[in-house]
Amino acid sequence: MGIWRGSLPLLLLAAAAAAEPASTLEGPSWPVTVPLREDRGHAVDLPDTDPRVQRRVTGWAPEQIAVALSAAPTSAWVSWITGDFQMGGAVKPLDPGTVGSVVRYVLAADSLVREATGDALVYSQLYPFEGLQNYTSGIIHHVRLQGLEPGTKYYYQCGDPAIPGATSAVHAFRTMPAVGPRSYPGRIAVVGDLGLTYNTTSTVEHMASNQPDLVLLLGDVSYANLYLTNGTGTDCYSCSFAKSTPIHETYQPRWDYWGRYMESVTSTTPMMVVEGNHEIEQQIGNKTFAAYSARFAFPSKESDSFSPFYYSFDAGGIHFIMLAAYAAYSKSGEQYRWLEKDLAKVDRSVTPWLVAGWHAPWYSTYKAHYREAECMRVAMEELLYSYGLDIVFTGHVHAYERSNRVFNYTLDPCGAVHISVGDGGNREKMATTHADDPGRCPEPLSTPDDFMGGFCAFNFTSDPAAGSFCWDRQPDYSAYRESSFGHGILEVKNETHALWKWHRNQDLYQGGVGDEIYIVREPERCLLKSSIAAYF
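Read in order, the letters of the sequence shown correspond to residues -19 to -1, 1 to 517 in mature numbering (1 follows the signal peptide of the UniProt record, and there is no 0).
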């Protein structure tokens, strides 16, 4: 008896370790809330003295090199910056024509060098108020490589070969697998709200150790708008500066710091970005999103959106749709009309998986940003549901949450799985659980600086818009939630099965994963509308 009693825990642990992850085919998961950890890492921004954010090149040598995907695996974008930014009361933009935009690239097993050219631009962030510092960027280059072989490693150099010292070192990236129902990227990293804190560095190091083939960044990139133009930062802009500044200022060099720090990842692994609220960055003439629109390459023209805020692309058997939570999304607007056309063109016999990403979550049970994107959900959810949307990735709330399959706040075996990964690493206000702070859920928040709140569990009346209250339980559509920093990895195995893993930063040292589940498609049951019948 003594041997049995002593061995039982070990046997149970061994069985648990060997067990397969849960599956959405098993039905809704019982809601799980992991208690708040007192130590959530080092949520302090890297200073401008950190070597990882300082300029390491001279002259016209490229820096902040990044690769992005085009709409199809036969094409990709390479972006970089030459020259340094300027800050001051009066700044003179660099001439984009000073340096050429050239990429030379070659197959791993091919000595024939190909060359592509592209466009260059400079953007400015200007404030027409005495005492504020203006900014103008270095020269930003975007070059599209075409005629690529899918699933192939390419070596490349970017810059201007006509100018001595104006080309980069040799970098390499791999194109996505060919479009088709039986080929998929090995690992897709998903992260949001990165910022540039010491927590960010833990997240990025952990993510890189998982060797992703593609990175999805779901908005809130540099958090340059948590700073005044003189470089003074804060955890909460509205708390510290709102009453003392004539406009919401930004410190644009934080974008350059972010690009320099991330180059080791972005120069080798394609990264697709969608805007968040911290990218709005209002300036003179009510201009917004200047840094976001200029710094990243998007397959906007290739996917017929002609917008940096929403677009689509294919990677193997996955059709990705990136949507804008901060551009018009009403049914009469351009984004909605584009979405209708894009969905109608999807051939589910070729790309069985339909995955979407945007910044502000539709299904979040945290108090921070609670129901902030409700109008977007009301406008778009039914359309996406009718085309059999499989997975939604979002950020915004600085914590992790995964839903059960849900549609219109109701458990639905054909609804999408919503996963919020806004726990990338930026500074935050500490959370409390709903049990510590019961009562009515707050009204939707309008300030972008109320980052973290407590969990918000609720029941809806027969009219969801009538109001929602916090009760001492987690709603049944919320499957798992935890306030730890981290990132996710999606591994699509075949036409119907994908393995999702959420890696907490502490797991890098402790082993294991925070959350893991097989997301399983049921096309014969759930696909309601498609231009061509689903593959199964």
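A virtual CB, placed ideally from N, CA and C, is assigned to each residue, including glycine.
Mind reading off the beta-carbon distance from residue i to residue j? Whole number of angstroms is fine, and I expect it under 8 Å.
i: residue 170; j: residue 193; result: 4 Å
i: residue 180; j: residue 24; result: 5 Å
i: residue 188; j: residue 202; result: 15 Å between Cβ atoms; not a contact.
i: residue 41; j: residue 125; result: Actually they are not in contact, since the Cβ atoms of residue 41 and residue 125 sit about 21 Å apart, beyond 8 Å.
i: residue 147; j: residue 247; result: So it is not a contact: roughly 20 Å between Cβ atoms.
i: residue 290; j: residue 254; result: Contact doesn't hold; Cβ gap of about 11 Å is too wide.
With burial defined as no fewer than 16 other Cβ atoms inside 10 Å of the residue's Cβ, what is the status of residue i: buried or exposed?
i: residue 379; result: buried
i: residue 439; result: With a pLDDT of 34 at residue 439, under the threshold of 50, the predicted position of this residue should be treated as unreliable, though the coordinate-derived value follows. Residue 439 is buried by the Cβ-count criterion.
i: residue 165; result: buried
i: residue 374; result: buried
i: residue 135; result: buried
i: residue 404; result: buried
i: residue 101; result: buried
i: residue 267; result: exposed
i: residue 139; result: buried
i: residue 29; result: exposed
i: residue 407; result: buried
i: residue 337; result: buried
i: residue 76; result: exposed
i: residue 417; result: Unreliable positioning characterises residue 417 in this predicted model, as indicated by a pLDDT of 38, which lies under 50. A coordinate reading is not provided.
i: residue -1; result: exposed
Take residue i and list the residues in its own chain whose beta-carbon comes closer than 8 Å to its own, dropping the five residues that flank it on each side.
i: residue 54; result: 129, 131, 132, 156, 157, 158, 159, 160, 295, 296 and 297
i: residue 457; result: 9, 12, 385 and 392
i: residue 249; result: 48, 152, 153 and 154
i: residue 361; result: 304, 310, 317 and 320
i: residue 230; result: 108, 113, 206, 208, 209, 210 and 222
Using the DSSP secondary-structure output, state which residues sit across from residue i in a beta bridge.
i: residue 115; result: 69
i: residue 155; result: 134
i: residue 106; result: 116
i: residue 253; result: 197
i: residue 343; result: Per DSSP, none; premise fails for residue 343.
i: residue 374; result: 338 and 400
i: residue 294; result: 301
i: residue 140; result: 83 and 148
i: residue 202; result: Answer is none; residue 202 lacks a bridge partner.
i: residue 38; result: Its beta-bridge partners do not exist; DSSP assigns none.
Residues in its own chain within less than 7 Å of residue i by CB, not counting five upstream and five downstream?
i: residue 474; result: 480
i: residue 69; result: 114 and 115
i: residue 342; result: 354, 375, 377, 378, 399 and 401
Helix, strand or coil, according to DSSP, for residue i in the structure here?
i: residue 445; result: At residue 445, the pLDDT of 35 sits below 50, so the modelled position is not reliable and the matter cannot be decided from this model.
i: residue 322; result: helix
i: residue 100; result: strand
i: residue 245; result: helix
i: residue 269; result: coil
i: residue 263; result: coil
i: residue 311; result: coil
i: residue 8; result: coil
i: residue 26; result: strand
i: residue 94; result: coil
i: residue 358; result: helix
i: residue 481; result: strand
i: residue 392; result: strand
i: residue 436; result: Because residue 436 sits at a pLDDT of 41, beneath the cut-off of 50, its placement in the model cannot be relied upon, and the point is left open.
i: residue 187; result: helix
i: residue 496; result: strand
Short of 6 Å in beta carbon distance, which residues of its chain neighbour residue i, apart from the five on each side in sequence? Order them along the chain.
i: residue 127; result: 56
i: residue 364; result: none
i: residue 87; result: 94 and 136
i: residue 15; result: 463
i: residue 85; result: 94, 96 and 138
i: residue 395; result: 507
i: residue 273; result: 256 and 260
i: residue 233; result: 106, 116 and 205
i: residue 283; result: 51 and 52
i: residue 497; result: 2 and 482
Would you please verify whether the beta carbon of residue i is less than 7 Å from any beta carbon of chain C?
i: residue 465; result: In summary, chain C is missing from the structure at hand, where a single protein chain is found.
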